[in-house]
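Encoded as structure tokens, the structure appears first; notes follow it.
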Amino acid sequence: MVIKNLARAIGALTLALALAPLLPSPAAQAAPAAPVAEVTTLADAVGLLKVTEENRSGYTASSFRHWNAGEDPTDGCDTRAEVLLAEAVVAPTVGSGCKLTGGRWTSYFDGQEVTDAGSLDVAHLVAPAEAWDSGASAWTAEQREAYANDQGSDVSLVAVTSRTNRQKADKDPADWMPPSPEVQCRYAGEWVATKLRWQLTADDRELEALKVYAEGPCEDTIVRYAPAV
Numbered sequence: 003m004v005i006k007n008l009a010r011a012i013g014a015l016t017l018a019l020a021l022a023p024l025l026p027s028p029a030a031q032a033a034p035a036a037p038v039a040e041v042t043t044l045a046d047a048v049g050l051l052k053v054t055e056e057n058r059s060g061y062t063a064s065s066f067r068h069w070n071a072g073e074d075p076t077d078g079c080d081t082r083a084e085v086l087l088a089e090a091v092v093a094p095t096v097g098s099g100c101k102l103t104g105g106r107w108t109s110y111f112d113g114q115e116v117t118d119a120g121s122l123d124v125a126h127l128v129a130p131a132e133a134w135d136s137g138a139s140a141w142t143a144e145q146r147e148a149y150a151n152d153q154g155s156d157v158s159l160v161a162v163t164s165r166t167n168r169q170k171a172d173k174d175p176a177d178w179m180p181p182s183p184e185v186q187c188r189y190a191g192e193w194v195a196t197k198l199r200w201q202l203t204a205d206d207r208e209l210e211a212l213k214v215y216a217e218g219p220c221e222d223t224i225v226r227y228a229p230a231v
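Each residue of the sequence shown is one higher than the one before, counting from 3 in this note's numbering.
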């Protein structure tokens with residue numbers, strides 16, 4: 003009997019060792035699952051937006067902290083520089099203090115080719131002031147910092163010419179669209195994706211403007227977003 007029990011114990015140990023590499027670690031088991039991306043048409047995505055009146059009371063430029071240390075705090079680059087590196091068509095040279103020299107970019111809003119990182123803005127697709135109007139005023143400072151530095155979605159922050167970013171400012175699609183017609187459907191889709199990702203609302207004029215695109219020239223546009231965590 004003792005020999006049989008010992009054999010069983012050895013067999014169980016052998017099986018456990020064989021399965022160990024296949025089983026997730028306790029840390030992996032405890033890690034929260036990544037949000038599942040939603041994929042839908044622009045028209046259906048617009049229909050998911052909640053409509054409320056906008057209110058900018060209490061907003062200041064310092065309400066959203068940016069730029070922070072970015073996705074990789076060890077690389078010496080802040081969020082702005084990391085976005086420029088990610089969007090470069092030709093990679094720049096990264097010098098001391100994350101100084102970027104050389105490289106080439108295509109400005110999202112107007113299609114301009116840019117070879118000087120200093121001539122680019124990293125724009126929030128939905129400007130912080132617009133986000134404040136649409137629900138971010140109720141967030142914590144940490145949530146607003148996460149929004150201002152959001153690299154979890156590749157559409158939240160985009161490299162554009164400074165001129166077009168100044169023209170856009172904090173306007174929504176009822177008052178401004180990219181001057182390049184080729185990207186207007188993309189912009190409408192990514193605007194809605196950003197609002198849904200962060201559970202931001204829209205006002206009546208904004209919603210009606212988005213419907214014009216969704217039911218017209220952009221009816222084939224697909225919207226992808228994952229809820230922010």
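Even glycine gets a Cβ: it sits at the ideal position worked out from N, Cα and C.
These numbers come from a predicted model, not from an experiment.
Checklist entry - Under 8 angstroms, do A171 and A129 count as touching if we go by C-beta distance? => result yes
Next on the checklist: By the DSSP assignment, the beta strand (DSSP E) with T43 in it spans what residues?
Outcome noted: 40-43
Checklist entry - Would a C-beta distance cut-off of 8 angstroms place A90 and W107 closer than the cut-off? => result yes
Item to check | Of the listed residues N151, L198, V92, nearest to A119 (C-alpha basis) | outcome: V92
Checklist entry - Distance, Cα to Cα, A138 vs E144? => result 11 angstroms
Checklist entry - Looking at the structure shown, is A162 part of a helix, part of a strand, or coil, going by DSSP? => result According to the sequence displayed, residue 162 carries Val and not Ala. Residue state, collapsed to three classes: strand.
Next on the checklist: Does the contact criterion of 3 or more C-beta pairs under 8 angstroms hold for the segment 150-170 versus the segment 73-89?
Outcome noted: yes
Next on the checklist: Below 8 angstroms, how does it come out for the segment 46-54 and the segment 199-209: are there three or more Cβ pairs, yes or no?
Outcome noted: yes
Checklist entry - For W107, which residues does DSSP report across the bridge? => result V116
Checklist entry - Between A150 and R67, is the Cβ-Cβ spacing less than 8 angstroms? => result yes
Checklist entry - Quick one: what's Y227 bridged to in DSSP? => result E40
Next on the checklist: List, from N- to C-terminal side, the alpha helix (DSSP H) runs of 4 residues or more that fit wholly inside the segment 143-201.
Outcome noted: 143-150, 164-170, 186-199
Next on the checklist: For the beta strand (DSSP E) containing L122, name the first residue and the last one.
Outcome noted: 122-126
Next on the checklist: Tell me the residue span of the alpha helix (DSSP H) that contains A211.
Outcome noted: 206-216
Item to check | Nearest candidate by alpha-carbon position, reference G72, set D46, G113, G154 | outcome: G154
Checklist entry - From S164 to E132, what distance separates their C-alpha atoms? => result 19 angstroms
Next on the checklist: Let me confirm a value: D174 is counted as buried when at least 16 other C-beta atoms fall within 10 Å, else exposed. Which label applies?
Outcome noted: buried
Item to check | Paired residues, beta bridge with V92 - DSSP | outcome: R106
Checklist entry - Of the residues E184, P183, L212, which one's Cα is nearest the Cα of V197? => result Inspection of the sequence shows that residue 197 is occupied by Lys rather than by Val. Here the closest residue by C-alpha is L212.
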